[in-house]
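*Asks:* I'd like to ask some things about the structure below.
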Amino acid sequence: MNEPTAYDQPAGREVAAVEVHCPAPLTPTAPLAPVRPGSTPAVASIVLPDGRVVTGYAINPAQPEPVAVKPAVSRTAVNVALGGVGFLAVCGGLMLLTSFIAALTAFITQLIVLAAVIFGGWIAVQLFNASGHQGGTTVNIRKATFKRNHFHG
Numbered sequence: 032m033n034e035p036t037a038y039d040q041p042a043g044r045e046v047a048a049v050e051v052h053c054p055a056p057l058t059p060t061a062p063l064a065p066v067r068p069g070s071t072p073a074v075a076s077i078v079l080p081d082g083r084v085v086t087g088y089a090i091n092p093a094q095p096e097p098v099a100v101k102p103a104v105s106r107t108a109v110n111v112a113l114g115g116v117g118f119l120a121v122c123g124g125l126m127l128l129t130s131f132i133a134a135l136t137a138f139i140t141q142l143i144v145l146a147a148v149i150f151g152g153w154i155a156v157q158l159f160n161a162s163g164h165q166g167g168t169t170v171n172i173r174k175a176t177f178k179r180n181h182f183h184g
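Sequential numbering of the sequence shown, starting at 32, is according to this note's numbering.
Encoded structure:
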């Protein structure tokens, strides 16, 4: 209220315009790094070109996370290749298994044929034994009469 205005002044004496500086907030160029409890960062002062001094905490730029090194060959390609190798191994094993089953079937068939031949030969020897009859009764029928399904000897 104590300032003079243009109305209070005589003509020719005008008041110069007042320059108002509004502080603009500082926007960090890098994300703020969290401060560990118990450690206080150093205070830094910067002198601006117009002579003003700005004092504040130094902002250390956040270090980007290291990029994971990608392998030269993708894991999917390795998995597909290993699956193919495993499939080939299984196919070879299946071929061996079928060959084994076929051989086992042929062997069992030969054993059955051999047993039939040996057992059949043994039966033939028992039926057609040339050494005669051993025990039992021999009946020679020469003139027999059959009447009404009844034998009269």
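For every residue, glycine included, the Cβ atom is placed at its ideal position computed from N, Cα and C.
Source: prediction; values computed, not measured.
By the three-class DSSP mapping on this structure, what secondary structure does S105 have?
*Replies:* coil
*Asks:* Within a Cβ cutoff of 6 angstroms, which residues of the same chain sit near S76, ignoring the five residues on either side of it in sequence?
*Replies:* Within its own chain, the residues whose Cβ lies closer than 6 angstroms to the Cβ of S76, once the five positions on either side in sequence are excluded, are V84 and T86, listed in chain order.
*Asks:* Given V156, which residues of its chain have a CB within under 8 angstroms of its CB, disregarding the five upstream and five downstream residues?
*Replies:* none
*Asks:* Do V74 and Y88 have their C-beta atoms closer together than 8 angstroms?
*Replies:* yes
*Asks:* Can you pull the DSSP bridge partners for A75?
*Replies:* G87
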